[in-house]
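> Pasting a structure here, questions to come.
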Amino acid sequence: MAISLRVPENVKRRIAKLAEERDTTPHAFMLEAIRDRLDAEEARAAFHAEARRRLARMKKSGLGVPAEEVFDYLLGRAAGGKPPRPKPRKHP
Numbered sequence: 042m043a044i045s046l047r048v049p050e051n052v053k054r055r056i057a058k059l060a061e062e063r064d065t066t067p068h069a070f071m072l073e074a075i076r077d078r079l080d081a082e083e084a085r086a087a088f089h090a091e092a093r094r095r096l097a098r099m100k101k102s103g104l105g106v107p108a109e110e111v112f113d114y115l116l117g118r119a120a121g122g123k124p125p126r127p128k129p130r131k132h133p
């Protein structure tokens, strides 16, 4: 598919400079940038869809883990520890 795209001169210069530094063409550089953005946006959409599914499941089951326990668990893991995983439970 051919697409016509108007690119401001200062952006064209930046693209050309970076493309040359990477030993590629401006066209290939722009295609890679578009693919990278598409990948990121699709990953973000998938993350949000999964979050919505999990929230719906949590609301339906009534089970959850308090945020403070989640943060404590993650901080412990980040510090190299092996804290026990918090258990989901019904909330009042």
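Numbering (the working numbering), first residue to last: 42 to 133. Cβ atoms here follow ideal geometry from the backbone N, Cα and C, with glycine treated the same way. The structure presented is a predicted model; accordingly, all values stated were derived computationally and were not measured.
#1: Per DSSP, what kind of secondary structure is Leu-46 in: helix, strand or coil?
#2: Out of Ala-119, Val-106, Tyr-114 and Ala-120, state which residue places its alpha-carbon closest to the alpha-carbon of Lys-131.
#3: For Phe-112, count the other beta carbons within 10 Å of its own beta carbon; 16 or more makes it buried, fewer makes it exposed. Which is it?
#4: How many angstroms separate the CA atom of Glu-73 from the CA atom of Ala-108?
#5: Would you report the Cα separation of Phe-88 and Leu-96, rounded to the nearest angstrom?
#6: Is the beta carbon of Met-71 closer than 8 Å to that of Ile-56?
#7: According to DSSP, is Gly-103 part of a helix, a strand, or is it coil?
#8: Given this structure, state the Cα-to-Cα distance separating Pro-127 from Gly-117, to the nearest angstrom.
Result, derived from the coordinates:
#1: Leu-46: coil per DSSP, three-state reduction.
#2: Val-106
#3: exposed
#4: So the alpha carbons of these two residues sit roughly 38 Å apart.
#5: About 12 Å.
#6: yes
#7: Coil at Gly-103, not helix or strand.
#8: Rounded to the nearest angstrom, the gap between the Cα atoms of Pro-127 and Gly-117 is 12 Å.
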